[in-house]
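In my numbering, the protein residues as written are 54 to 290.
Just so it is clear, CB atoms sit at the ideal spot from N, CA and C, and this is done for glycine as well.
Keep in mind that this is a model prediction, so the values were computed, not measured.
Read the structure below first, then the notes.
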Amino acid sequence: MNRHRRSAVALRHVAFEDLGLLSSVLDREGWDVSFCDAAIDDVSHRSIEDADLLVVLGGPIGVYEADAYPFLTREIALLERRLAQGRPTLGICLGAQLMARALGARVYAGGIKEIGWGQVSPTKQGAASCLAPLAEDGASVLHWHGDTFDLPEGAIRLASNDAYDNQAFAYGRHALALQFHLEADPRQLEEWYVGHAVELAAAGIPIAQLRSSTAAVANRLPAQADRIFTRWIHEIS
């Protein structure tokens with residue numbers, strides 16, 4: 054008898070920022086994934102509202118730009134409903150910022166633009182969570198943001214670094230927000246370099262430098278992502 058496969062919806066803002074390394078974990082753990090393009094699809098559709106898991110991915114816009122991108126308001130409303138109901142939700146980068154806003158926190162431009170591979174430090178609560186591997190020697194995450202957020206009321210800070218206090222938080226048992234990218238597949242980052250070419254040029258970050266630093270950490274990233282995402286998936290299942 055086939056095991057029942059649960060439904061996951063990935064809310065996407067740009068095509069190249071997708072599930073990456075998370076995709077194989079979800080497939081192995083029995084999740085059927087569909088994609089919703091936030092800018093043009095109906096995020097209030099029942100298939101999204103009723104999904105067993107919602108993953109809100111990254112993108113090169115700000116939560117506070119709803120006048121220019123009205124769909125952000127609809128995304129926030131969707132997240133407000135899911136989070137109030139305690140439904141499994143994962144936010145990555147822009148997705149984490151949208152979760153923070155949906156929980157009533159301020160989202161704003163940060164003091165520095167953080168782009169490239171680096172570390173985060175799990176808090177005491179983070180060290181007891183699925184993010185525990187990020188405290189290990191050599192652990193790396195991909196930073197790619199200039200915005201930040203205040204910790205929402207009722208949320209638990211799970212990780213921080215010298216640049217930003219709020220790098221990850223949990224809200225209840227079923228919601229996880231990651232300011233950084235654990236899911237980024239090093240084999241797909243060439244698409245990011247093209248898609249973010251203007252931002253990289255403005256920040257003065259050489260693509261060759263990013264390519265080299267990616268190669269230096271690439272071998273350990275799949276196992277790291279697998280450990281973290283598998284534990285979280287088990288915790289919400």
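Residue i versus residue j: straight-line alpha-carbon distance, rounded
i: residue 228; j: residue 268; result: 31 Å
i: residue 58; j: residue 72; result: 18 Å
i: residue 197; j: residue 215; result: 15 Å
i: residue 74; j: residue 171; result: 18 Å
i: residue 80; j: residue 234; result: 19 Å
i: residue 253; j: residue 168; result: 9 Å
i: residue 84; j: residue 105; result: 9 Å
i: residue 212; j: residue 97; result: 31 Å
i: residue 236; j: residue 121; result: 28 Å
i: residue 144; j: residue 250; result: 24 Å
i: residue 174; j: residue 258; result: 24 Å
Buried or exposed (CB count within 10 angstroms, at least 16 for buried), residue i
i: residue 142; result: buried
i: residue 287; result: exposed
i: residue 217; result: buried
i: residue 161; result: exposed
i: residue 176; result: buried
Beta-ladder partner(s) of residue i, from DSSP
i: residue 209; result: 223
i: residue 202; result: 160
i: residue 190; result: None; residue 190 has no bridge partner.
DSSP-derived helix/strand/coil call for residue i
i: residue 278; result: helix
i: residue 175; result: strand
i: residue 124; result: helix
i: residue 80; result: helix
i: residue 143; result: strand
i: residue 107; result: strand
i: residue 234; result: strand
i: residue 168; result: strand
Cutoff 7 Å: residue i Cβ touching any chain D Cβ
i: residue 205; result: Checking the listed chains, one finds no chain D in this structure; it contains a single protein chain.
Residue i CB to nearest heavy atom of the ligand GDP below 6 Å
i: residue 121; result: Ligands are entirely absent from the displayed structure, and the ligand GDP is therefore not among its contents.
* Are three or more beta carbon pairs between the region 240-249 and the region 146-162 nearer than 8 Å? -> no
* Flag this pair as touching only if the region 197-211 and the region 124-133 have three or more C-beta atom pairs under 8 Å; answer yes or no. => no
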